[in-house]
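**Q** So the sequence shown is numbered by the working numbering: it starts at 129 and just counts up by one.
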Amino acid sequence: MRQDSSSADSRVVLATTTPLGEAGVGHGDATVTLPAVPTLEAGRALPRARARLASDRRAGRIALGALLLGALIVTAFATAHPNTLVPTSNRSFPLWEAGPLHYIDKALPNDWRALQIGFSVIVVAMLIAYLVVLQSVRTLSMRTIAIFVLAAHAILLLSPPGQLTDLFNYLGYARLGGLHHLNPYTHVIAEEIHDPVFRFTTWHHLHSPYGPLFTALTYPLALMSLPAAYWTLKTITVLLSLAFIALVWYCARRLGRDPRFAVLFVAANPIFLMYAIPAFHNDFFMLVPSTAAVALLLARRDRSAGAILMLAVAVKFTAILLLPFLLIGVRLPQRRRRILEGAAVGAIPLIAMSLALFGFSIPNLQDQSTLLTPFSIPNLTGLVIGVGGGAPGLLRLGTVALVVAVALLIRHRGDWLSGAGWATFALIASLAWLVPWYVVWLLPLAALGSSLRLRRMALWLTVFLVIAFIPATGMVLYPAGLNPLGTPVGYASQALQKKLEQ
129 MRQDSSSADS RVVLATTTPL GEAGVGHGDA TVTLPAVPTL EAGRALPRAR ARLASDRRAG
189 RIALGALLLG ALIVTAFATA HPNTLVPTSN RSFPLWEAGP LHYIDKALPN DWRALQIGFS
249 VIVVAMLIAY LVVLQSVRTL SMRTIAIFVL AAHAILLLSP PGQLTDLFNY LGYARLGGLH
309 HLNPYTHVIA EEIHDPVFRF TTWHHLHSPY GPLFTALTYP LALMSLPAAY WTLKTITVLL
369 SLAFIALVWY CARRLGRDPR FAVLFVAANP IFLMYAIPAF HNDFFMLVPS TAAVALLLAR
429 RDRSAGAILM LAVAVKFTAI LLLPFLLIGV RLPQRRRRIL EGAAVGAIPL IAMSLALFGF
489 SIPNLQDQST LLTPFSIPNL TGLVIGVGGG APGLLRLGTV ALVVAVALLI RHRGDWLSGA
549 GWATFALIAS LAWLVPWYVV WLLPLAALGS SLRLRRMALW LTVFLVIAFI PATGMVLYPA
609 GLNPLGTPVG YASQALQKKL EQ
């Protein structure tokens, strides 16, 4: 039965015409309740202010405008000068990296502390705007949402890479193999110290952790000048982000749901806007084929779904987590067989390509899996239970817990999209090296699945990651002597990180 959207617990209620057990079948009527903002009690009535937001046509548009303004302000300051918003810019910040806004923005002030505080305030303000957008989604047209998505991507394309130097590390490994003919899985960026990309990179002694397909796709960039390769990779990444959002929209429509919520749940998220897009991470090279696999399954193109998922796996191996849930998403054995056939056929040329280019060497996931970030769940758990943070034994226990959680989710055989989302959440929670944009792996599954609790958890995870990773948090904690990595295992992790970076 449909729930009454005017009840005391008046969340956004959207209907789906796809039963939970069979992907791609347009019969049945399952109602999905979507949360506007995270709440502590499911049965608590919305305050009057939130109820007004849900019907106020101006609130949603103002919130979208605030998100765009936040993105524009951060981009403007990031392009103006070498500053704390752009890693390694104190060593080198050429005009081709800064981008065209540099000529307009170079008169902006450049105070390190003010930038840290300002960035923190803007991200928190964008988080509030995001929650307002989700509450006001029914007042927004798809045209307005599309304009917002395109404008945000256009603004962020002009930004230099923020937060981390991953984009230049991608180019470093590309030039290591494509230009210097050294296998990036057995050689390190330090071996191309005279290459112009070296001064922009950080992981100088880390063998590449990136998947073989992504690595192979970046090799042609090595034949370009560094500025051309930089802008080419930035542009491709932004286009892939747009394709990812388009696939979320398509999947929502295939499920018979209002796509506005699904699109905004992902595209208006402040971590998506401030950490994922402007840092130009290769996660989009994985998210596009993995989300396309979901779309193809909903369209009953089972072999294609299995095959294209292998593209995602060849970028980031963790995408294999989606495969068992694709199998759960169909009831008929024939469809499951077709998914596996497609996966096998898709994997064969990818394996052949990897062997031809890299031999039997594989991505180096071991080093990164032992590094800790201060606010990773294992590290915080270790501090709480008194084992000194993310100790190796605790990390192994987390891996075991992940396997058990996935097995239980597969056995449960509920909504397959929600199951995949919970498995992804368990994966994120198990990672010792946790960074904010990993929440983007979870967002599309939470938006498309039927689990209200999963959507709430995705929102709470967003809030946690925003608070944990904004610069202001460190500015408050560290002077007070509160360092989550101030333990023997934390010091060991920092020593290893320094060794890999030097």
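No residue lacks a Cβ here, since even glycine has one placed at the ideal position from N, Cα and C.
With C-beta atoms as the reference, is Val594 less than 8 Å away from Val260?
**A** Here residue 594 refers to the residue found at position 466 when the sequence shown is read from its first residue. Here residue 260 refers to the residue found at position 132 when the sequence shown is read from its first residue. Against a cut-off of 8 Å, the Cβ pair of Val260 and Val594 comes out as no contact.
**Q** At 4 residues or longer, and completely inside the region 522 to 591: list those alpha helix (DSSP H) runs for me, N to C.
**A** Within the region 522 to 591, the complete alpha helix (DSSP H) runs of at least 4 residues are 544 to 558 and 567 to 576.
**Q** In chain order, which continuous runs of the alpha helix (DSSP H) of length 4 or greater are located wholly inside the region 224 to 251?
**A** Entirely contained in the region 224 to 251, the alpha helix (DSSP H) runs reaching 4 residues are, in chain order, 230 to 233.
**Q** In angstroms, rounded to a whole number, what distance separates the CA positions of Pro599 and Leu213?
**A** By 1-based counting over the sequence shown, the position of residue 599 is 471. By 1-based counting over the sequence shown, the position of residue 213 is 85. So the two alpha carbons sit approximately 10 Å from each other.
**Q** List the endpoints of the continuous alpha helix (DSSP H) containing Asp294.
**A** Taking the first residue of the sequence shown as 1, we reach residue 294 at position 166. Asp294 to Gly306 is the extent of the alpha helix (DSSP H) around Asp294.
**Q** Is Ser504 helix, strand or coil by DSSP?
**A** For the purposes of this step, residue 504 is identified with residue 376 of the sequence shown, where counting begins at 1. Coil.
**Q** With distance defined between alpha-carbon atoms, name the residue in Leu570, Leu576 and His209 nearest to Met585.
**A** As a first step, residue 585 is located in the sequence shown; it is residue number 457 there, counting from the start. Residue Leu570 is the option with its Cα nearest to Met585.
**Q** Pull up the CB-CB distance for Leu304 and Thr203, whole angstroms please, since I reckon it's below 8 Å.
**A** Numbered from 1 along the sequence shown, position 176 holds the residue referred to as residue 304. Numbered from 1 along the sequence shown, position 75 holds the residue referred to as residue 203. About 30 Å; that fails the 8 Å criterion.
**Q** Just to confirm the assignment, what range does the alpha helix (DSSP H) spanning Gln496 have?
**A** By one-based count along the sequence shown, residue 496 stands at place 368. Note, Gln496: alpha helix (DSSP H), Gln494 to Thr498.
**Q** Hey, which unbroken runs of the alpha helix (DSSP H) at 4 residues or more fall wholly within the region 328 to 388?
**A** Counting only runs of 4 or more, we get 340 to 346 and 354 to 382.
**Q** Going by DSSP in three states, Tyr258 sits in which element: helix, strand or coil?
**A** To locate residue 258, count along the sequence shown from 1; it is residue 130. In the structure shown, Tyr258 sits in a helix (DSSP, three-state: H, G or I).
**Q** Going by beta carbon distance, what residues of the same chain come within less than 6 Å of Phe408, once the five residues before and after it are set aside?
**A** Mapped onto the sequence shown, residue 408 falls at position 280. These residues qualify, in order along the chain: Pro289, Leu295, Lys362 and Thr365.
**Q** So Asn297 packs on Thr330, CB below 8 Å; how close in whole Å?
**A** By one-based count along the sequence shown, residue 297 stands at place 169. By one-based count along the sequence shown, residue 330 stands at place 202. Correct: roughly 7 Å between the Cβ atoms.
**Q** Taking Trp224 as the reference, which of Leu537, Thr360 and Gly516 has the closest Cα?
**A** On the sequence shown, position 96 is the one that residue 224 refers to. Closest by alpha carbon: Thr360.
**Q** Rounded to a whole number of angstroms, what is the C-alpha to C-alpha distance between Tyr231 and Val567?
**A** Position 103 of the sequence shown, counted from the first residue, corresponds to residue 231. Position 439 of the sequence shown, counted from the first residue, corresponds to residue 567. Straight-line Cα distance between these residues: approximately 34 Å.
**Q** Taking the beta carbon of His335 as the centre, do at least 16 other beta carbons fall within 10 Å, making it buried, or is it exposed?
**A** Working through the sequence shown from its first residue, we reach residue 335 at position 207. His335 comes out buried.
**Q** Determine whether the beta carbon atoms of Ala442 and Pro340 lie at a separation below 8 Å.
**A** To locate residue 442, count along the sequence shown from 1; it is residue 314. To locate residue 340, count along the sequence shown from 1; it is residue 212. The answer is yes: Cβ separation under 8 Å.
**Q** Mind reading off the beta-carbon distance from Arg219 to Arg385? Whole number of angstroms is fine, and I expect it under 8 Å.
**A** Taking the first residue of the sequence shown as 1, we reach residue 219 at position 91. Taking the first residue of the sequence shown as 1, we reach residue 385 at position 257. That pair is no contact at about 48 Å.
**Q** Tell me the rounded alpha-carbon separation between Pro348 and Phe445.
**A** Counted from its first residue, the sequence shown places residue 348 at position 220. Counted from its first residue, the sequence shown places residue 445 at position 317. Their Cα atoms are separated by approximately 23 Å.
**Q** Assuming contact is defined by CB atoms lying nearer than 8 Å, are Ala435 and Leu454 in contact in what I supplied?
**A** Within the sequence shown, residue 435 is the residue found at index 307, counting from 1. Within the sequence shown, residue 454 is the residue found at index 326, counting from 1. No. Outside cutoff.
**Q** Going along the chain, which residues of its own chain have a beta-carbon closer than 7 Å to the beta-carbon of Phe486, five neighbours each way excluded?
**A** Within the sequence shown, numbered from 1, the residue matching residue 486 stands at position 358. Hits under 7 Å: Asn311, Tyr313 and Pro340.
**Q** On the DSSP letters alone, give me the boundaries of the alpha helix (DSSP H) that Phe413 sits inside.
**A** By one-based count along the sequence shown, residue 413 stands at place 285. Run containing Phe413: Asp411 to Leu426, per the alpha helix (DSSP H) assignment.
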